[in-house]
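Start counting at 1 in the sequence shown, then tack on 4, and there's your number in my numbering.
Where a beta carbon is used, it is the ideal one built from N, C-alpha and C, also for glycine.
Before any comments, here is the structure.
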Amino acid sequence: MRRQPGALVALFAFCVLAGCGSGDDDSDTPPDTGPSPPPAASRGDLLQSPPAKLNSYSASDLLAALGGNGIVKRLISLAL
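Here it is as structure tokens:
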């Protein structure tokens, strides 16, 4: 039985390429995946920092808004 030298060369080349072809190196750095997503909000966390200001009232504005009722007037006099 006669062996073919071309088949042995092809087998040898295949083994060499299979052994060297992975290119995996332990010193590789992982690819940059970009910024990490913010952590999920939990109870009591602010979703906006600082929160949006809707309106502001002075003390006299609040007293005028609450002063229309007799019970409210008594509560305000107790609080102040």
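| Check | Outcome |
| --- | --- |
| Between which two residues does the alpha helix (DSSP H) holding Asp65 run? | Ala63 to Leu70 |
| Tell me where the alpha helix (DSSP H) around Leu58 begins and ends. | Counting along the chain, Leu58 falls outside any alpha helix (DSSP H), and DSSP gives it neither H nor E. |
| Confirm, please, whether the CB-CB distance from Ala44 to Leu51 is below 8 Å. | no |
| Can you tell me which of the three DSSP states Gly10 falls into? | helix |
| Is the CB-CB distance between Ile75 and Leu67 below 8 Å? | no |
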